[in-house]
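*Asks:*
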Amino acid sequence: MTTTIIGFPRIGHHRELKFATEHYWKNKIDQVELLKTAYGIRKNHWQAQQAAGIDLIPVGDFSFFDGVLDTANLLNIIPERYKELNLSPLDEYFAQARGYQNGSETVKALPMKKWFNTNYHYIVPEFSKATDIKLVGSKLFDEVDEALKLGINAKAVITGPYTLLKLSRFIDGPTPKDFVDALISAYSDVIKHLNQQGVAWIQIDEPALSFDVDSAEKTIFDKLYKGILASKGSAKILLQNYFGDIRDVYNDVTSLDFDGIGLDFVEGKYNLELVKQNGFPADKVLFAGVVNGKNIWRNHYEKTIKLLNGLNTKAQVILSSSASLLHVPYSAADETKVPSDVKQHLAFAIEKLDEIKELDNIYRDEADGKAALEKNDTLFRSVKHPFNEAVRDRIAGLTESDYTRLPERAEREKIQKKEFNLPILPTTTIGSFPQTKDVRQNRSKLRKGEITKEQYDKFNEDKIRRIVKIQEEIGLDVLVHGEYERNDMVEYFGEKLDGFVFTQNGWVQSYGTRGVKPPIIWGDISRTAPITVAASVFAKNLTDKPMKGMLTGPVTIFNWSFPREDVTPKESVTQIALALQDEVLDLEKHDIKIIQIDEPALRENLPLRKSNWYSEYLDWAVPAFRLVHSKVQASTQIHTHMCYSEFGDIIKAIDALDADVISFEASRADFTLIDQLVAAKFQTEVGPGVYDIHSPRIPSEQEIEGLIKQLVAKLPVDKVWINPDCGLKTRSEEESFESLKNIVDATKKVRSEI
Ligand code: GLN
Ligand code: ZN
Numbered sequence: 062m063t064t065t066i067i068g069f070p071r072i073g074h075h076r077e078l079k080f081a082t083e084h085y086w087k088n089k090i091d092q093v094e095l096l097k098t099a100y101g102i103r104k105n106h107w108q109a110q111q112a113a114g115i116d117l118i119p120v121g122d123f124s125f126f127d128g129v130l131d132t133a134n135l136l137n138i139i140p141e142r143y144k145e146l147n148l149s150p151l152d153e154y155f156a157q158a159r160g161y162q163n164g165s166e167t168v169k170a171l172p173m174k175k176w177f178n179t180n181y182h183y184i185v186p187e188f189s190k191a192t193d194i195k196l197v198g199s200k201l202f203d204e205v206d207e208a209l210k211l212g213i214n215a216k217a218v219i220t221g222p223y224t225l226l227k228l229s230r231f232i233d234g235p236t237p238k239d240f241v242d243a244l245i246s247a248y249s250d251v252i253k254h255l256n257q258q259g260v261a262w263i264q265i266d267e268p269a270l271s272f273d274v275d276s277a278e279k280t281i282f283d284k285l286y287k288g289i290l291a292s293k294g295s296a297k298i299l300l301q302n303y304f305g306d307i308r309d310v311y312n313d314v315t316s317l318d319f320d321g322i323g324l325d326f327v328e329g330k331y332n333l334e335l336v337k338q339n340g341f342p343a344d345k346v347l348f349a350g351v352v353n354g355k356n357i358w359r360n361h362y363e364k365t366i367k368l369l370n371g372l373n374t375k376a377q378v379i380l381s382s383s384a385s386l387l388h389v390p391y392s393a394a395d396e397t398k399v400p401s402d403v404k405q406h407l408a409f410a411i412e413k414l415d416e417i418k419e420l421d422n423i424y425r426d427e428a429d430g431k432a433a434l435e436k437n438d439t440l441f442r443s444v445k446h447p448f449n450e451a452v453r454d455r456i457a458g459l460t461e462s463d464y465t466r467l468p469e470r471a472e473r474e475k476i477q478k479k480e481f482n483l484p485i486l487p488t489t490t491i492g493s494f495p496q497t498k499d500v501r502q503n504r505s506k507l508r509k510g511e512i513t514k515e516q517y518d519k520f521n522e523d524k525i526r527r528i529v530k531i532q533e534e535i536g537l538d539v540l541v542h543g544e545y546e547r548n549d550m551v552e553y554f555g556e557k558l559d560g561f562v563f564t565q566n567g568w569v570q571s572y573g574t575r576g577v578k579p580p581i582i583w584g585d586i587s588r589t590a591p592i593t594v595a596a597s598v599f600a601k602n603l604t605d606k607p608m609k610g611m612l613t614g615p616v617t618i619f620n621w622s623f624p625r626e627d628v629t630p631k632e633s634v635t636q637i638a639l640a641l642q643d644e645v646l647d648l649e650k651h652d653i654k655i656i657q658i659d660e661p662a663l664r665e666n667l668p669l670r671k672s673n674w675y676s677e678y679l680d681w682a683v684p685a686f687r688l689v690h691s692k693v694q695a696s697t698q699i700h701t702h703m704c705y706s707e708f709g710d711i712i713k714a715i716d717a718l719d720a721d722v723i724s725f726e727a728s729r730a731d732f733t734l735i736d737q738l739v740a741a742k743f744q745t746e747v748g749p750g751v752y753d754i755h756s757p758r759i760p761s762e763q764e765i766e767g768l769i770k771q772l773v774a775k776l777p778v779d780k781v782w783i784n785p786d787c788g789l790k791t792r793s794e795e796e797s798f799e800s801l802k803n804i805v806d807a808t809k810k811v812r813s814e815i
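The working numbering puts the first residue of the sequence shown at 62, with every later residue one more than the last.
1. Do the CB positions of Tyr362 and Leu434 come within less than 8 Å of each other?
2. Pull up the distance between the alpha-carbon of Gln496 and that of Gly101, whole angstroms please.
3. Under the rule that 16 or more other beta-carbon atoms within 10 Å means buried, what is Glu204, buried or exposed?
4. Compute every distance between the C-beta of Ile491 and the non-hydrogen atoms of ligand 1, then say whether any falls below 7 Å.
5. Roughly how many angstroms lie between the CA atoms of Lys175 and Leu300, to the nearest whole one?
6. Can you name, in chain order, every residue of its own chain whose Cβ lies under 8 Å from the Cβ of Ser381, other than the five neighbours on each side?
7. If the criterion is Cβ atoms closer than 8 Å, does the pair Gly560 and Ile592 meet it?
8. Whose C-alpha, out of Asp421, Pro237, Val403 and Val129, is nearest the C-alpha of Pro447?
9. Cα-Cα, which of Phe319, Asp242 and Tyr572 is closest to Thr791?
10. Buried or exposed: Glu515, going by 16 or more other Cβ atoms within 10 Å of its Cβ?
11. Taking all protein chains shown into account, decide if Thr280 is buried (16 or more other Cβ within 10 angstroms of its Cβ) or exposed.
12. Once DSSP output is grouped into helix, strand and coil, what is the label at Ile54?
13. Roughly how many whole angstroms lie between the Cα atoms of Ala638 and Gly259?
14. Note down the Cα distance separating Leu201 from Glu328, rounded to an integer number of angstroms.
15. Under the DSSP definition of a beta bridge, which residues are partnered with His702?
16. Look at the alpha carbon of Ile656 and the alpha carbon of Pro487, and state the distance between them as a whole number of angstroms.
17. Is the closest heavy atom of ligand 1 to the C-beta of Met611 under 7 Å?
18. Taking the alpha carbon of Ile525 as the reference point, which residue from Glu77, Leu540 and Ile252 has its own alpha carbon closest?
19. Considering only their Cβ atoms, is the gap separating Ala393 from Leu407 smaller than 8 Å?
20. Taking three-plus beta-carbon pairs below 8 Å as touching, is the segment 156 to 170 in contact with the segment 205 to 220?
21. Counting Cβ pairs closer than 8 Å, one from the segment 89 to 105 and one from the segment 170 to 189, do we hit at least three?
22. Counting along the chain, where does the alpha helix (DSSP H) carrying Glu419 start and finish?
23. Please return the same chain residues whose Cβ sits closer than 6 Å to the Cβ of His84, not counting the five positions on each side in sequence.
24. Thinking C-beta only, is Ile815 closer than 8 Å to Ile485?
25. Which residues bound the alpha helix (DSSP H) around Ser505?
26. So the candidates are Cys787, Val778 and Ser797; which of them puts its Cα closest to the Cα of Thr808?
27. From the DSSP output, which residues share a beta bridge with Lys650?
28. Can the beta-carbon of Phe554 be found closer than 8 Å to that of Ile618?
29. Near Tyr143, which residues of its chain fall below 8 Å by C-beta distance, leaving aside the five closest residues on each side in sequence?
30. Does the beta-carbon of Arg165 have 16 or more other beta-carbons within 10 angstroms, so that it is buried, or is it exposed?
31. Ligand 2 and Gly788: does any heavy atom of the ligand fall closer than 7 Å to the residue's C-beta?
32. Please return the same chain residues whose Cβ sits closer than 6 Å to the Cβ of Lys355, not counting the five positions on each side in sequence.
33. Can you tell which of Glu552, Ala296, Gly767 and Gly221 has the C-alpha that lies nearest to the C-alpha of Val577?
34. Which whole-angstrom value describes the C-beta separation of Thr604 and Val529, a residue pair presumed to lie in contact below a C-beta threshold of 8 Å?
35. Is His361 close to ligand 2? I mean its beta-carbon at under 7 Å from any heavy atom of the ligand.
36. Where are the alpha helix (DSSP H) runs, 4 residues long or more, that stay fully inside the segment 470 to 552, in chain order?
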């Protein structure tokens, strides 16, 4: 046994899981049919891995929504309010993931957060005094049974207890250490059960070890695993880490009774040092993550083999992916429109299976290894990324003043209050309105050549006309054009910029049934023509209210694309920032006086270790944002938006973006961030979201009124905006309009009382 992967994409080759699940939610199919589809997907995926020659196949990595939530549900970490709904286990699970509304009975969804430094989201489990941890679920075992019946050499996969504790939310008193004993006992039961089923390996995922681990956390980690490993049976236990290195616990991990340790040698470059300096126990198996689970480029075999040989260990080495392949699309073979000189460099999930197998052949000197090595070598010798000298020169000429907006924000604030003369607590939205079926159809017709570009534009203009009117009727203060022309906030910009390449089927799960199709950065990036100006100007001319222009920021465009590996992130982000600077100035020239530059992905790419936050990231990411807007006039108002309110620990950096207004998520979580903002004397005006758009639930006017009152009790009233917590594109029009109406009415009510 020499090859494995950490996990496989779940959504299906053609996103079958997405469509089946959404049909189920809409009552178009029943549970039996959904389960049948899910089984078919798992079976295909296992057999694809088997066919590629992967020896040890992950089982349990499949999920209807999220693996962390699966583990929480397996172990009865389900808040009472969901149990009280008396639903089937699957519906109870979906209620936690997406909220529940049935007549007057409504329960909010659990919060959702970015999964480490990826664009995947996990559901945040909730621990409270009432949490009674015990093995209650059967999903993992059922899937193991299925796999074994199909003759799959299964490696059962489960989220580890340390990561579970690290990522969860603790309410009403208890802290992580209070659950250690219960977790030991529940995980021991899981292991016992898997032993009875006869699995060869159990993979316990502990990506949270890539964060800084302090001594109290280390104590928890040691205690958890001493306890769990004490009741180990014949199934071997693999401690699987990814997204970084395990420097803080390397000695603990290697001295505990694990049978295998899985390390990421791609993102966790330092793991190589750890293995070399401290040695790796000869009696354990080293699962070497050498094929990048997060990027789509072919593996450079020569370098990988060098790395593997450099491990210099007597231990058995099993080749693996660096992370779950969840973060890459299904197969590059599906791409018929990617230029062939680019396509030959792509490896998606299916191709990565072959790469692991080929690397294994080379590493172990198997007969066909040599040919594979030579072929790969030729490929890497021929790679040529498009080079843009003008862009490179422009970057070389940048100085401090290019990153500094003048006058200072306080001065601008006064000028802008006069300029726009908005009521207190101005209301607005985050940009997109529902992408209804006709909107998507219109786009697909253009793509298929069934309509002309003029017909396509005309349709969108009618949509804009309608939505501007609707916003006026609802009574919003700052309007948007609705983003009907955008399939996706990153792909849309990528398509208009030089340097990007697009896939047709390169879907990657973002959360639940939502997928994204990240563009691929292939060459130097530049803007060749205005991007959003026409739509914004068209919309502006329809109303007397201010029309907000809408752009995606440089850091988000970069983070939600597959990056190049031959230039630094800083270089690519600066190229994108300059392209967007041209766009901002164009919008301003056309009298668009409020411009929102979305940066929802800014926080998620923070290095996992705090000591690297500034030096490896914020020190260039924040200036890149300023570069985009530094040249606008004082009266032009720059907004930014972040979907997640998780920036309590980088408040200064967020303020240093030097935007005039920031909107962010607040409705699903509590308002702790607001207190932090107040304490840190945050200067940017804020629009904390009062409507959770990730859930189909419509908030009532009273509920919103309550939220607004909480906000103005904490924040200076002249610095607060009222808005939903993200764009409305995934919601239905009925839900959106009703919710917005409630928002506006609630705001008016609060205004009248101030
Ligand atoms: N302006 C975008 C929208 O409304 C922002 C989306 C996002 O933050 N993810 O859709
Ligand atoms: Zn958002």
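Ideal Cβ positions, reconstructed from N, Cα and C, are used throughout, including at glycine.
For clarity, every value in this text was computed on a predicted model and none was experimentally measured.
*Replies:* Reading it off the structure:
1. yes
2. 30 Å
3. Its Cβ being crowded by 16 or more others within 10 Å, Glu204 is buried.
4. yes
5. The straight-line gap from Cα to Cα measures roughly 22 Å.
6. Sequence-distant Cβ neighbours of Ser381 in its own chain, meaning closer than 8 Å and more than five residues away, are Thr64, Thr65, Ile66, Ile67, Gly323, Phe348, Ala349, Gly350, Val351, Val352 and Ile417.
7. Judged by their CB atoms, Gly560 and Ile592 are not nearer to each other than the 8 Å cut-off.
8. Val403
9. Tyr572
10. Here Glu515 is exposed: its Cβ has fewer than 16 other Cβ atoms, across all protein chains shown, within 10 Å.
11. exposed
12. Summary: the structure shown does not reach residue 54, with the chain confined to residues 62 through 815, and so no result is reported for it.
13. 54 Å
14. 28 Å
15. Asp659 and Ser724
16. 15 Å
17. Yes, the beta carbon of Met611 sits closer than 7 Å to at least one heavy atom of ligand 1.
18. Leu540
19. yes
20. no
21. no
22. Ala410 to Tyr424
23. Within the same chain, His84 has close Cβ partners Ile90.
24. yes
25. It spans Lys498 to Arg508 - the alpha helix (DSSP H) in which Ser505 sits, taken as one unbroken run.
26. Val778
27. For Lys650, which the question treats as bridged, DSSP gives no partner whatsoever.
28. yes
29. Glu153, Ala156, Gln157, Tyr161 and Val168
30. The sequence given here places Ser at residue 165; Arg does not occur at that position. Burial check for Ser165: the Cβ neighbour count within 10 Å stays below 16, so the residue is exposed.
31. Annotation for Gly788 indicates a beta carbon within 7 Å of some heavy atom of ligand 2.
32. Ala384 and His388
33. Glu552
34. 5 Å
35. no
36. Runs of the alpha helix (DSSP H) lying entirely within the segment 470 to 552 and spanning at least 4 residues, in chain order: 470 to 481, 498 to 508 and 514 to 535.
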